[in-house]
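Colleague: Take this structure, written in structure tokens, and hold onto it; I'll ask about it next.
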Amino acid sequence: NVSASKKNLALVIDFPADFPSAIITDPGKIRRILINLVGNAIKFTETGSIVVKLFISQKRNKNMLQCDVSDTGRGIPESDIPRLFSPFSQATNRRETDEGTGLGLAICRQSIEALGGSINVKSTVGEGSTFSFSLPITLAEEQPKSPASAESDEIVGVETDGASIRILIVDDNAANRALLAGILQKSEIKYDIAKNGKEALDLCDSFSPNLIFMDIRMPGMDGKEAAARIKSRMEEKAPKLIALTAHAMEDEKAAILAAGFDGFIRKPYLEQEIWLSSSQNLGLRLRSRRQCAAPVKISKEKTIAGIRSLPIDILSELRNCIEMLDKDACRSVIQKICATEPVLAADLRSMVDSLEYVELLPFLDECLEKNGVGR
């Protein structure tokens with residue numbers, strides 16, 4: 010996780026060896042719940058770790074997904090706990106560094122309750138907090154995926170075709186900025202970050218973005234005021250503006266569009282929503298997982314030679330993932346390579362999936378040593 014790494018926090022995912030390979034539930038809601046809870050834990054933890062523990066329990070003959078998200082942050086006073094899940098309410102012990110509006114936990118509770126579950130919190134001031142939720146699920150046998158499965162068609166980026174595309178991220182919440190930046194890093198798109206509406210106005214002059222993803226509710230100059238000023242000042246040269254909001258009810262949609270926005274995305278959003286919006290507003294072609302994963306006949310010698318052209322940070326990251334024999338982490342690094350070298354990425358992915366680490370590791374070491382990077 011980008012945010013955890015920036016704060017030097019350990020992010021641990023803990024689940025038992027017999028955890029089911031597949032369950033039936035709403036994956037979109039589960040993903041949003043975890044993004045909110047983990048993001049919240051990272052936001053209010055300065056040192057230590059975030060632990061996400063998953064397991065299956067039984068309740069009244071029903072299978073329940075149990076998840077505990079624990080942090081080593083400042084903790085929450087007992088008197089503040091009853092207000093945590095109310096919209097726009099936040100613990101007093103957290104206000105001094107808080108940058109958001111407190112909607113995250115309210116959304117989590119609504120999503121969990123919509124799935125028939127519940128959420129609670131235990132906290133000790135000075136030691137940390139644990140948010141726990143439990144919801145009913147159905148166990149399922151994992152089915153083999155066909156080559157034309159939905160996953161193979163999952164949207165994973167956009168094609169810039171060599172064009173210089175610039176996107177500005179505007180959000181007063183550091184975790185939200187890092188999340189969106191992490192998505193855009195997977196493409197050739199250049200991006201910059203503003204923490205408020207005033208910074209966004211200044212960057213429109215110096216950075217000249219083609220598209221702006223802007224939070225609506227920010228202190229000082231909010232998103233609607235900033236959007237209106239940008240449209241008024243830049244007129245026909247104004248970038249496309251997409252509002253990011255957790256509270257876009259029907260009666261507020263008109264106000265958002267009237268302020269100059271070209272559309273909006275509800276928080277918490279999926280990565281594919283960002284790519285779809287970028288494609289629709291900038292006229293870019295979408296890139297699917299199939300394009301990055303399609304088998305390409307290419308010799309291993311050419312693959313090894315192609316590795317030499319990779320940036321040092323990518324080489325180092327890939328080497329560390331291979332040394333840990335972490336296939337998922339390797340595939341994540343290779344996905345970054347796909348943006349500029351799709352053929353190389355496809356063959357590297359094939360080698361990693363075939364566990365051909367012995368061939369890759371020595372060569373990566375050699376490349377790093379030649380560039381003065383030690384192990």
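Residue 10 is where the sequence shown starts when you use this note's numbering, and the numbers rise one by one after that. Positions of the beta carbon are idealized from the N, C-alpha and C atoms, including for glycine.
Measure the CB-CB distance between G37 and L279 and report whether it falls below 8 Å.
Modeller: In the sequence shown, the residue the question calls residue 37 occupies position 28. In the sequence shown, the residue the question calls residue 279 occupies position 270. Going by C-beta atoms, G37 is nearer than 8 Å to L279.
Colleague: Give a yes or no on whether the C-beta atoms belonging to E168 and R340 are separated by under 8 Å.
Modeller: Sequence index remark: in the sequence shown, residue 168 carries index 159 (1-based). Sequence index remark: in the sequence shown, residue 340 carries index 331 (1-based). No, these two residues do not count as a Cβ contact at 8 Å.
Colleague: Return the chain-ordered list of same chain residues with a C-beta closer than 6 Å to the C-beta of I146, the five sequence neighbours on each side being excluded.
Modeller: For the purposes of this step, residue 146 is taken as the residue at position 137 of the sequence shown. Around I146: I32, T34, N72 and L74.
Colleague: For A338 and E245, what's the separation of their Cα atoms in angstroms?
Modeller: Position 329 of the sequence shown, counted from the start, is the residue given in the question as residue 338. Position 236 of the sequence shown, counted from the start, is the residue given in the question as residue 245. The alpha-carbon atoms of A338 and E245 are separated by roughly 43 Å.
Colleague: Can you give me the Cβ contacts of C76 inside the same chain, cut-off strictly under 6 Å, excluding the 5 residues immediately before and after it?
Modeller: As a first step, residue 76 must be located in the sequence shown, where it is residue number 67. Taken in chain order, the residues that qualify are L63 and F142.
Colleague: Whole angstroms are fine: how far does the CA of S241 sit from the CA of N45?
Modeller: Locating residue 45 in the sequence shown gives position 36, counting from the first residue. Locating residue 241 in the sequence shown gives position 232, counting from the first residue. Answer to the nearest angstrom: the Cα atoms are 35 Å apart.
Colleague: How do the region 216-229 and the region 284-292 stand: do at least 3 beta-carbon pairs fall below 8 Å, yes or no?
Modeller: Short answer: they touch.
Colleague: Restricting to runs no shorter than 4 residues, where is the alpha helix (DSSP H) found entirely within the region 44-92?
Modeller: none
Colleague: With H, G and I counted as helix, E and B as strand and the rest as coil, what does DSSP make of S138?
Modeller: Position 129 of the sequence shown, counted from the start, is the residue given in the question as residue 138. The answer is strand: DSSP assigns S138 an E or B state.
Colleague: Tell me whether the beta-carbon of F140 lies closer than 8 Å to the beta-carbon of A115.
Modeller: As a first step, residue 140 must be located in the sequence shown, where it is residue number 131. As a first step, residue 115 must be located in the sequence shown, where it is residue number 106. Not closer than 8 Å, so no.
Colleague: Give the DSSP bridge partners of T133, in chain order.
Modeller: Counting from 1 along the sequence shown, the entry for residue 133 is found at position 124. In the DSSP output, where bridge partners are listed per residue, T133 has G137.
Colleague: Using only alpha-carbon positions, find the residue among I42, P86, L124 and S359 that is nearest to G113.
Modeller: Looking up residue 113 in the sequence shown gives position 104. G113 has its Cα closest to that of I42, out of I42, P86, L124 and S359.
Colleague: Pick helix, strand or coil for F270, following the three-state DSSP scheme.
Modeller: Here residue 270 is taken as the residue at index 261 of the sequence shown, counted from 1. Correct three-state label for F270: coil.
Colleague: If you run the structure through DSSP and keep just helix, strand and coil, what is I178?
Modeller: Locating residue 178 in the sequence shown gives position 169, where the first residue counts as 1. Note: I178 maps to strand in three-state DSSP.
Colleague: Starting from the Cα of I176, find the closest Cα among L353, L210 and F216 and give me that residue.
Modeller: The sequence position of residue 176 within the sequence shown is 167, counting from 1. That would be F216, whose Cα lies nearest to the Cα of I176.
Colleague: Look at the alpha carbon of Q67 and the alpha carbon of A123, and state the distance between them as a whole number of angstroms.
Modeller: Taking the sequence shown and counting its residues from 1, the one referred to as residue 67 is at position 58. Taking the sequence shown and counting its residues from 1, the one referred to as residue 123 is at position 114. When rounded, the distance between both Cα atoms is 19 Å.
Colleague: Would you call the region 265-280 and the region 228-237 touching, i.e. three or more CB-CB distances under 8 Å?
Modeller: Of all C-beta pairs linking the region 265-280 to the region 228-237, three or more are shorter than 8 Å, placing the two stretches in contact.
Colleague: Beta-carbon within less than 7 Å of M243's beta-carbon, same chain only, minus the 5 sequence neighbours each way: which residues are those?
Modeller: Within the sequence shown, the letter at position 234 stands for residue 243. If we look at M243 and ignore the five residues flanking it on each side, its Cβ neighbours are C213.
Colleague: Do D224 and L193 have their C-beta atoms closer together than 8 Å?
Modeller: Start at 1 with the first residue of the sequence shown, and residue 224 comes out as number 215. Start at 1 with the first residue of the sequence shown, and residue 193 comes out as number 184. Between D224 and L193, the CB-CB gap reaches or exceeds 8 Å.
Colleague: Tell me P145's beta-bridge partners as DSSP assigns them.
Modeller: Here residue 145 refers to the residue found at position 136 when the sequence shown is read from its first residue. Bridge partners of P145: M73.
Colleague: Ignore the nearest five residues each way along the sequence and tell me which others in L327's own chain have a CB closer than 6 Å to its CB.
Modeller: In the sequence shown, counting from the first residue as 1, residue 327 sits at position 318. Its chain contains V342 as the residues whose beta carbon lies nearer than 6 Å to that of L327, once the 5 sequence neighbours on both sides are disregarded; these appear in chain order.
Colleague: In the DSSP assignment, the beta strand (DSSP E) including D201 goes from what residue to what residue?
Modeller: Along the sequence shown, read from residue 1 onward, the residue named residue 201 stands at position 192. Note, D201: beta strand (DSSP E), K199 to A203.
Colleague: Excluding sequence positions up to five away, which residues of its chain have a Cβ less than 8 Å from the Cβ of E136?
Modeller: Here residue 136 corresponds to residue number 127 of the sequence shown, with the count starting at 1. Taken in chain order, the residues that qualify are T81 and G84.
Colleague: How many angstroms separate the CA atom of I39 from the CA atom of I22?
Modeller: Position 30 of the sequence shown, counted from the first residue, corresponds to residue 39. Position 13 of the sequence shown, counted from the first residue, corresponds to residue 22. Taking the straight line from one Cα to the other gives about 15 Å.
Colleague: Would you check if the distance between the CB atom of I164 and the CB atom of Q281 is smaller than 8 Å?
Modeller: Numbered from 1 along the sequence shown, position 155 holds the residue referred to as residue 164. Numbered from 1 along the sequence shown, position 272 holds the residue referred to as residue 281. Yes, these two residues count as a Cβ contact at 8 Å.
Colleague: Put P156 into one of helix, strand or coil per three-state DSSP.
Modeller: Position 147 of the sequence shown, counted from the start, is the residue given in the question as residue 156. Confidence at P156 is low in this model, with a pLDDT of 42, below 50, so its placement is unreliable and no value can be given for it.
Colleague: Please go through the same chain and pick out, in chain order, the residues whose beta-carbon is closer than 7 Å to the beta-carbon of K204, but skip the five residues on each side of it.
Modeller: By one-based count along the sequence shown, residue 204 stands at place 195. Closer than 7 Å at Cβ, skipping near neighbours: D181.
Colleague: What span of residues does the beta strand (DSSP E) with A19 cover, start to end?
Modeller: Locating residue 19 in the sequence shown gives position 10, counting from the first residue. For A19, the enclosing beta strand (DSSP E) covers residues A19 to D23.
Colleague: Please return the same chain residues whose Cβ sits closer than 7 Å to the Cβ of R118, not counting the five positions on each side in sequence.
Modeller: As a first step, residue 118 is located in the sequence shown; it is residue number 109 there, counting from the start. F94 and I128, listed in sequence order.
Colleague: Can you find the residues in the same chain that come closer than 7 Å, C-beta to C-beta, to A255, ignoring five residues on each side of it along the sequence?
Modeller: Here the question's residue 255 lines up with position 246 in the sequence shown. These residues qualify, in order along the chain: L112, I116, R275 and K276.
Colleague: Could you name the residues that DSSP lists as bridge partners for I128?
Modeller: Position 119 of the sequence shown, counted from the start, is the residue given in the question as residue 128. Answer is F142.
Colleague: What is the DSSP secondary structure of S318, counted as helix, strand or coil?
Modeller: If you number the sequence shown from 1, residue 318 lands on position 309. S318: coil per DSSP, three-state reduction.
Colleague: What does a CB cutoff of less than 8 Å around I283 pick up in its chain, not counting 5 residues either side in sequence?
Modeller: The residue labelled residue 283 in the question sits at position 274 within the sequence shown. Answer for I283: L189, I192, L193, F222 and I274, listed in chain order.
Colleague: Can you check whether the CB of S79 is closer than 8 Å to the CB of V60?
Modeller: Translated into positions along the sequence shown, residue 60 becomes position 51. Translated into positions along the sequence shown, residue 79 becomes position 70. Going by beta carbons, V60 and S79 fall inside the 8 Å limit.
Colleague: Given that a residue counts as buried once 16 or more other Cβ atoms are within 10 Å of its Cβ, and exposed if not, what is L148?
Modeller: Mapped onto the sequence shown, residue 148 falls at position 139. So L148 counts as exposed.
Colleague: Mark D211 as exposed unless 16 or more other C-beta atoms lie within 10 angstroms of its C-beta, in which case mark it buried.
Modeller: The residue you call residue 211 lines up with position 202 of the sequence shown. D211 comes out exposed.
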